[in-house]
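**Student:**
Protein chains: 2
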Amino acid sequence: MTTPADAEEPRWLTDDEQHAWQSYLQANMLLEDHLDRQLQRDAGLPHVYYGLLVKLSWAPRHRLRMTELAAAAKITRSRLSHAITRLEKNGWVRREDCPSDKRGQNAVLTDEGFEVLKKAAPGHVEAVRAAIFDRLTPEQIGQFGDICRIIADGLQPEGADLPWLR
Amino acid sequence: MTTPADAEEPRWLTDDEQHAWQSYLQANMLLEDHLDRQLQRDAGLPHVYYGLLVKLSWAPRHRLRMTELAAAAKITRSRLSHAITRLEKNGWVRREDCPSDKRGQNAVLTDEGFEVLKKAAPGHVEAVRAAIFDRLTPEQIGQFGDICRIIADGLQPEGADLPWLR
DNA sequence: CCCCAGTAGTTTAAATTTCAAGAAAGGGCT
DNA sequence: AGCCCTTTCTTGAAATTTAAACTACTGGGG
Chain A
1 MTTPADAEEP
11 RWLTDDEQHA
21 WQSYLQANML
31 LEDHLDRQLQ
41 RDAGLPHVYY
51 GLLVKLSWAP
61 RHRLRMTELA
71 AAAKITRSRL
81 SHAITRLEKN
91 GWVRREDCPS
101 DKRGQNAVLT
111 DEGFEVLKKA
121 APGHVEAVRA
131 AIFDRLTPEQ
141 IGQFGDICRI
151 IADGLQPEGA
161 DLPWLR
Chain B
1 MTTPADAEEP
11 RWLTDDEQHA
21 WQSYLQANML
31 LEDHLDRQLQ
41 RDAGLPHVYY
51 GLLVKLSWAP
61 RHRLRMTELA
71 AAAKITRSRL
81 SHAITRLEKN
91 GWVRREDCPS
101 DKRGQNAVLT
111 DEGFEVLKKA
121 APGHVEAVRA
131 AIFDRLTPEQ
141 IGQFGDICRI
151 IADGLQPEGA
161 DLPWLR
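Structure (structure tokens):
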């Protein structure tokens, strides 16, 4: 005699899984907090906003359609819209109409924004390095990347990739 | 002739490191978003708030000093204060004066809050499992836990641990 | 051409988080 | 006791994020 399907005992996490999960949650909280403060102090913007400038700097002609930028950064269009409004006030980014589609907008990294990025990048890389990569073996770095990729891919809507950004 | 110290070329990330870092950032964004939506839909609270209920449920007598709970959850006391105010409005948590220290407050998980937690836990565990552990080999789970622990420990203020929570 | 479902992006309000400041109590010192 | 510094927690305002509604445009049929 088996238990009814809707009363199945859930598959709780094993000890190893529980340990990994709690460690991840802690690492995450601490890291996000740490990097947010570092960037807020040194560059005057939160980590996610910095990430937007980075994506733009990688794109051809330093510009990207709003939807593409949102997809690259894994944030909602609404959130991006607010963020760009703020970055525009700072003069780091500029909005530009898309010629081919009247609905579209391009977010363009300004020269000033690019300067801010170049100024902030070394300190940020150093912070990331100190928090993560200087503490891991090359083997662990490989494992970390592989594992994160698996998780990210699993949560990714099919074919949601933008070829020109990785 | 060497470059002046303050003009050193920063140690940029290697390709492997860059790959790992971008993968992590994406996994993180997608995961946080996914779990926030799952819990908001199924239990009516964000992931961090759920985490607070979990910590309380693990504590003896289902209660914890504010500072201890904040440390366990790796959030600021200010953030916790606001969060508890909200959870209190929902009736999931109750504030209680600390007998031994008149400055202190205990956050206490109410019976109702515990019920909410028990109701939400299976679905949440399932979501975590589907997003992470069902996609990794046992070996990778071990690696993931080890790596996250190293990162978390590196960002942890010395001796900030609370013995009664892990 | 007109209609219509879908897409791009914005906007509003509500919720959450951050930041800086502040109230209250503890604890050591003289 | 009185003073000083620290710890605990809260508060209020500003910044950011979320959720849902909304405008404008596209593209495909009839």
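Which chain is which? The protein sequence lines are A and B, in order.
Counting in full-length UniProt numbering, the final residue of the first sequence is number 166, and the numbers go up one at a time with none missing.
Counting in full-length UniProt numbering, the final residue of the second sequence is number 166, and the numbers go up one at a time with none missing.
Glycine included, each C-beta is placed from N, C-alpha and C at the ideal position.
Given His34 of chain B, which residues of its chain have a CB within under 8 angstroms of its CB, disregarding the five upstream and five downstream residues?
**Tutor:** Position 34 of the second sequence, counted from the start, is the residue given in the question as residue 34 of chain B. The answer, listed in chain order, is Ala127 and Ala131.
**Student:** Just list the residues that DSSP pairs Asn106 of chain B with in beta bridges.
**Tutor:** Along the second sequence, one-based indexing puts residue 106 of chain B at 106. Answer is B:Arg65 and B:Glu96.
**Student:** Between the beta-carbon of Arg95 of chain B and the beta-carbon of Val116 of chain B, is there less than 9 angstroms?
**Tutor:** On the second sequence, position 95 is the one that residue 95 of chain B refers to. On the second sequence, position 116 is the one that residue 116 of chain B refers to. Taking 9 angstroms as the Cβ cut-off, Arg95 of chain B and Val116 of chain B do not qualify as a contacting pair.
**Student:** For Asp101 of chain A, does the three-state DSSP call read helix, strand or coil?
**Tutor:** Your numbering for residue 101 of chain A matches position 101 in the first sequence. Of the three classes helix, strand and coil, the one that applies to Asp101 of chain A here is coil, per DSSP.
**Student:** Is the beta carbon of Gly154 of chain B closer than 9 angstroms to that of Arg135 of chain A?
**Tutor:** The sequence position of residue 135 of chain A within the first sequence is 135, counting from 1. The sequence position of residue 154 of chain B within the second sequence is 154, counting from 1. Yes.
**Student:** Where does the unbroken alpha helix (DSSP H) through Trp58 of chain A begin, and where does it stop?
**Tutor:** Residue mapping note: residue 58 of chain A aligns to position 58 of the first sequence, counting from 1. Counting along the chain, the alpha helix (DSSP H) containing Trp58 of chain A begins and ends at His47 to Trp58.
**Student:** For the alpha helix (DSSP H) that Phe144 of chain B lies in, which residues bound it at each end?
**Tutor:** Locating residue 144 of chain B in the second sequence gives position 144, counting from the first residue. Its alpha helix (DSSP H) spans residues Pro138 to Leu155.
**Student:** Tell me, please, whether the CB atom of Asp146 of chain B is closer than 9 angstroms to any CB atom in chain A?
**Tutor:** Within the second sequence, numbered from 1, the residue matching residue 146 of chain B stands at position 146. Yes, Asp146 of chain B counts as interfacial toward chain A.
**Student:** Identify, in the order they occur along the chain, each residue of the same chain with its Cβ nearer than 8 angstroms to the Cβ of Ala73 of chain A, setting aside the five sequence neighbours on each side.
**Tutor:** Along the first sequence, read from residue 1 onward, the residue named residue 73 of chain A stands at position 73. Result list for Ala73 of chain A: Val48, Gly51, Leu52, Lys55 and Leu80, in chain order.
**Student:** Helix, strand or coil: how does DSSP classify Thr76 of chain A here?
**Tutor:** Residue 76 of chain A sits at position 76 when you count from the first residue of the first sequence. Thr76 of chain A: coil per DSSP, three-state reduction.
**Student:** Below 9 angstroms between beta carbons: does that hold for Ala152 of chain A and Ser23 of chain B?
**Tutor:** Here residue 152 of chain A refers to the residue found at position 152 of the first sequence. Here residue 23 of chain B refers to the residue found at position 23 of the second sequence. For Ala152 of chain A and Ser23 of chain B, yes; Cβs fall inside 9 angstroms.
**Student:** If I'm right that Gln143 of chain B touches Ile147 of chain A with Cβ under 8 angstroms, what's the distance once you round it to whole angstroms?
**Tutor:** Working through the second sequence from its first residue, we reach residue 143 of chain B at position 143. Working through the first sequence from its first residue, we reach residue 147 of chain A at position 147. About 7 angstroms; that satisfies the 8 angstroms criterion.
**Student:** Is there at least one Cβ from chain B nearer than 9 angstroms to Pro122 of chain A's Cβ?
**Tutor:** Translated into the one-based positions of the first sequence, residue 122 of chain A becomes position 122. So, interface residue.
**Student:** Run through chain A and tell me which residues come within less than 9 angstroms of Leu13 of chain B, C-beta to C-beta.
**Tutor:** In the second sequence, residue 13 of chain B corresponds to position 13, counting from 1. The contacting residues are Val125, Val128, Arg129 and Phe133.
**Student:** Mind checking residue 175 of chain B: buried by the 16 CB within 10 Å criterion, or exposed?
**Tutor:** Residue 175 of chain B lies beyond the range of chain B shown here (1 to 166); nothing can be said about it.
**Student:** If we cut at 9 angstroms on Cβ distances, does Arg41 of chain A have a partner in chain B?
**Tutor:** Within the first sequence, residue 41 of chain A is the residue found at index 41, counting from 1. Chain B contact via Cβ: absent.
**Student:** When the cut-off is 9 angstroms and only beta carbons count, does residue 170 of chain A lie next to chain B?
**Tutor:** This structure does not reach residue 170 of chain A, given that chain A is present from 1 up to 166, and the question cannot be answered.
**Student:** Run the CB neighbour count on Glu139 of chain A, radius 10 Å, all protein chains shown included, and call it buried at 16 or more, exposed below.
**Tutor:** Here residue 139 of chain A corresponds to residue number 139 of the first sequence, with the count starting at 1. Result: exposed.
**Student:** Taking Cβ positions only, does Ala83 of chain A come closer than 9 angstroms to chain B?
**Tutor:** In the first sequence, residue 83 of chain A corresponds to position 83, counting from 1. Chain B, which has no Cβ nearer than 9 angstroms to the Cβ of Ala83 of chain A, makes this no.
**Student:** Buried or exposed, going by whether 16 or more other CB atoms sit within 10 Å of the CB of residue 183 of chain A?
**Tutor:** This structure cannot speak to residue 183 of chain A, because chain A is shown only from 1 to 166.
**Student:** Check whether the Cβ atoms of Trp92 of chain A and Thr110 of chain A sit closer than 9 angstroms, and answer yes or no.
**Tutor:** If you number the first sequence from 1, residue 92 of chain A lands on position 92. If you number the first sequence from 1, residue 110 of chain A lands on position 110. Result yes, Cβ atoms of Trp92 of chain A and Thr110 of chain A sit closer than 9 angstroms.
**Student:** For Thr85 of chain B, name the three-state secondary structure that DSSP assigns.
**Tutor:** Looking up residue 85 of chain B in the second sequence gives position 85. Three-state DSSP puts Thr85 of chain B in a helix.
**Student:** Report the three-state DSSP secondary structure of Leu31 of chain B (helix, strand or coil).
**Tutor:** By 1-based counting over the second sequence, the position of residue 31 of chain B is 31. Three-state result, Leu31 of chain B: helix.
**Student:** Within a Cβ cutoff of 8 angstroms, which residues of the same chain sit near Asn106 of chain A, ignoring the five residues on either side of it in sequence?
**Tutor:** Working through the first sequence from its first residue, we reach residue 106 of chain A at position 106. Around Asn106 of chain A: Arg63, Leu64, Arg65, Met66, Arg95, Glu96, Asp97 and Cys98.
**Student:** Just checking: is the beta-carbon of Leu53 of chain B within a distance shorter than 9 angstroms of some beta-carbon in chain A?
**Tutor:** As a working note, residue 53 of chain B is residue 53 in the second sequence. False, the Cβ-Cβ gap to chain A never drops below 9 angstroms.
**Student:** Could you compute how far the alpha carbon of Ala59 of chain B sits from the alpha carbon of Gln40 of chain B?
**Tutor:** Here residue 59 of chain B refers to the residue found at position 59 of the second sequence. Here residue 40 of chain B refers to the residue found at position 40 of the second sequence. Using only the alpha carbons, I get a separation of about 24 angstroms.
**Student:** What is the DSSP secondary structure of Trp12 of chain B, counted as helix, strand or coil?
**Tutor:** Reading the second sequence from its first residue, position 12 is the one you call residue 12 of chain B. Correct three-state label for Trp12 of chain B: coil.
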